[in-house]
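Novice:
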Amino acid sequence: MDAGCKIRHAGSPYAEDRMQIVDILLVLMVWAVWVVLAALLFFFLYWTIRLAIRHEKRRLPTPREIADQERRERMAAERVAQYRPRQRRPK
128 MDAGCKIRHA GSPYAEDRMQ IVDILLVLMV WAVWVVLAAL LFFFLYWTIR
178 LAIRHEKRRL PTPREIADQE RRERMAAERV AQYRPRQRRP K
């Protein structure tokens, strides 16, 4: 190889700068991926905990509440039957 060819293949004087820029871009891309994954994980945990709390608030009625409700329904049915006009028997 002659001297001119060596100079041509040595690259531009900005090759190191380009490599530094590529390194910086690579670091930024990796950082962005980590930030996105961290945000997704945060929101996944947030919604999981929120749904668990909402589910916990939905509780089953106690046996006393069930009995009270049944008693109220029975009394309402008796009231309706009491005020319903009696049907006459056919003669």
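Residue numbers (my numbering): 128 to 218. The beta-carbon is built from N, C-alpha and C at its ideal position, and this holds for glycine as well.
1) In the DSSP assignment, find the alpha helix (DSSP H) that holds GLN209 and state where it starts and stops.
2) Alpha carbon to alpha carbon, what distance is there between ILE151 and LEU164?
3) So for LEU187, helix, strand or coil by DSSP?
4) How many angstroms separate the CA atom of ARG185 from the CA atom of ALA179?
5) Is GLN147 helix, strand or coil by DSSP?
Specialist: In terms of the structure at hand:
1) The residue labelled residue 209 in the question sits at position 82 within the sequence shown. 190-210 is the span of the alpha helix (DSSP H), which, as asked, contains GLN209.
2) To locate residue 164, count along the sequence shown from 1; it is residue 37. To locate residue 151, count along the sequence shown from 1; it is residue 24. Cα-Cα distance, rounded: 20 angstroms.
3) Translated into the one-based positions of the sequence shown, residue 187 becomes position 60. Coil.
4) Counting from 1 along the sequence shown, the entry for residue 185 is found at position 58. Counting from 1 along the sequence shown, the entry for residue 179 is found at position 52. Each residue's Cα considered, the two are about 10 angstroms apart.
5) The residue you call residue 147 lines up with position 20 of the sequence shown. Look at GLN147 here: in three-state DSSP terms it is helix.
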